[in-house]
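Peer 1: In the numbering used here, the protein residues as written are 26 to 382. C-beta: ideal position from N, C-alpha, C; glycine also.
(1) Per DSSP, what kind of secondary structure is residue 80 in: helix, strand or coil?
(2) Just the Cα atoms here: how many angstroms apart are residue 212 and residue 206?
(3) What is the DSSP secondary structure of residue 117, counted as helix, strand or coil?
(4) Can you tell me the Cα-Cα spacing of residue 217 and residue 80, whole angstroms?
(5) Please determine if the region 278-285 and the region 237-256 are in contact, where contact requires at least 3 C-beta pairs separated by less than 8 angstroms.
(6) Measuring straight from C-alpha to C-alpha, what distance separates residue 251 and residue 245?
(7) Given this structure, state the Cα-to-Cα distance separating residue 46 from residue 93, to the nearest angstrom.
(8) Can you tell which of 75, 64, 260 and 336 has its C-alpha closest to the C-alpha of residue 48?
(9) Please identify the residue among 137, 86 and 139 whose C-alpha is closest to the C-alpha of residue 114.
(10) When you compare only the Cα positions, how much space is there between residue 178 and residue 149?
(11) Are the beta-carbon atoms of residue 68 and residue 215 separated by less than 8 angstroms?
(12) Nearest CA to the CA of residue 78: which residue from 354, 308, 162 and 319?
(13) If you count every other CB in all the chains shown that lies within 10 Å of the CB of residue 261, and 16 or more means buried, which is it?
(14) What are the start and end residues of the beta strand (DSSP E) that includes residue 92?
(15) Ends of the alpha helix (DSSP H) at residue 234?
(16) List the residues that DSSP assigns as beta-bridge partners of residue 73.
(17) Tell me the DSSP secondary structure of residue 337 in three-state form.
(18) Quick check: the region 123-138 against the region 97-107, are at least 3 beta-carbon pairs closer than 8 angstroms?
(19) Helix or strand or just coil, what does DSSP make of residue 275?
(20) Confirm, please, whether the CB-CB distance from residue 169 to residue 144 is below 8 angstroms.
(21) Keeping to the same chain, check which residues put their C-beta closer than 6 angstroms to that of residue 376; ignore five residues upstream and five downstream.
(22) In this structure, does DSSP put residue 307 in helix, strand or coil?
(23) With burial defined as no fewer than 16 other Cβ atoms inside 10 Å of the residue's Cβ, what is the status of residue 118: buried or exposed?
(24) Of the residues 272, 40 and 304, which one's Cα is nearest the Cα of residue 141?
(25) What is the DSSP secondary structure of residue 323, reduced to helix, strand or coil?
(26) Is it right to say residue 276 is buried, meaning 16 or more other beta carbons lie within 10 angstroms of its own, or is it exposed?
(27) From the DSSP secondary-structure annotation, give me the bridge partner or partners of residue 130.
(28) Since residue 283 sits in a beta bridge, which residues does DSSP pair it with?
(29) Where residue 160 and residue 146 are concerned, what is the direct C-alpha to C-alpha distance, given to the nearest angstrom?
(30) Applying the 10 Å Cβ sphere with the 16-neighbour rule, what's the burial state of residue 299?
(31) Are residue 156 and residue 62 closer than 8 angstroms when you measure CB to CB?
(32) Does DSSP put residue 143 in a helix, in a strand, or in coil?
(33) Who are the Cβ neighbours of residue 371 in its own chain at under 7 angstroms, not counting the five residues just before and after it?
(34) Based on Cα-Cα distance, which residue from 134, 123 and 121 lies nearest to residue 112?
(35) Skipping 5 residues on each side, what residues in its chain have a beta carbon closer than 7 angstroms to that of residue 368?
(36) Considering only the alpha carbon of each residue, which of 307, 84 and 229 lies closest to residue 333?
See below:
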């Protein structure tokens, strides 16, 4: 983009001694006394354009200079120094134009103005093709308020001055964009300062370098983020479906509950089988503990035994109607002994004889 064309315009404004607020550019359309500008109808300045000039003045650290006879430009040609007549920093828009409000005159310049050795100001400004004022460079004390066109050497010097100003502006703009992008990248608020960004970046460097800082090998952050995204995608794709799988702890808990219920049911069934077998004579009282242990370890084996064991009526009913049963008159055995002999197929007489011996 081409830089705006620099030109000099003079205001026929007479200065007074000790004046701190001076008018630099008039409001509306204006032209120089020598007929300029030639490339547009007139120069133009309004409140909107002036606001941009005021903002630029507020953002710069260096103050504007008021020199003598534009020596800031002429020094390139004549090699002489360009002493300042005054300095100012603040600009203000008023109804009749743009003012410098904090002018500090040097003692020499103040004396010249008091002695009327200098009476007029000549600002150096830039403007676009429509004549709209776009920038203020500096101001000069002069007694010739309508200067002729600048010699080629002076135009070159002024062009370098404009280029320098534009370059600084572009660098500032680039830095602002960089800071804005860093705020977004580090998730910082809009008002975060450069120091805030630097501190957050240092945290990121420490984290990526395992605390070694910039002394560690550099990290390709773009590649690192891409790799992490690929890993996350792979883990998400291989993640187990909760509807199809349960955790190991859950499975173990279910197994414990099933085992407990199974043991409870098995114990109840063994108890029912043993109780029934004792009542119908398939088991003797002396066999109860053995039958229960067998049922706990092998329920099927207990059921098989009880299915084939004979029922002994003498053990399941009362044959003496509640009276003490009498001994067998032949063998002398009581009812229980006879029942055992019957259950195992033994001869009561032989058993009685063995018992007598």
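Peer 2: With the given structure in hand:
(1) helix
(2) 10 angstroms
(3) strand
(4) 21 angstroms
(5) no
(6) 10 angstroms
(7) 18 angstroms
(8) 75
(9) 86
(10) Annotation note: pLDDT 34 at residue 178 (below 50); position unreliable, no value reported.
(11) no
(12) 162
(13) exposed
(14) It spans 89-93 - the beta strand (DSSP E) in which residue 92 sits, taken as one unbroken run.
(15) From DSSP, residue 234 is part of no alpha helix (DSSP H); its letter is neither H nor E.
(16) Partner(s): none; residue 73 has no beta bridge.
(17) coil
(18) no
(19) If DSSP states are grouped into helix, strand and coil, residue 275 belongs with the helices.
(20) With respect to the 8 angstroms criterion, residue 144 and residue 169 are not classified as neighbours on the basis of their beta carbons.
(21) For residue 376, same chain residues with a beta-carbon under 6 angstroms away, outside a window of 5 residues either side, are 366 in chain order.
(22) coil
(23) buried
(24) Nearest option by C-alpha distance: 40.
(25) coil
(26) exposed
(27) 111
(28) The partner list for residue 283 (beta bridge, DSSP) is empty, contrary to what the question assumes.
(29) 17 angstroms
(30) buried
(31) yes
(32) Secondary structure at residue 143: coil, using DSSP grouped into helix, strand and coil.
(33) none
(34) The option with the nearest alpha carbon to residue 112 is 134.
(35) 335 and 337
(36) 307
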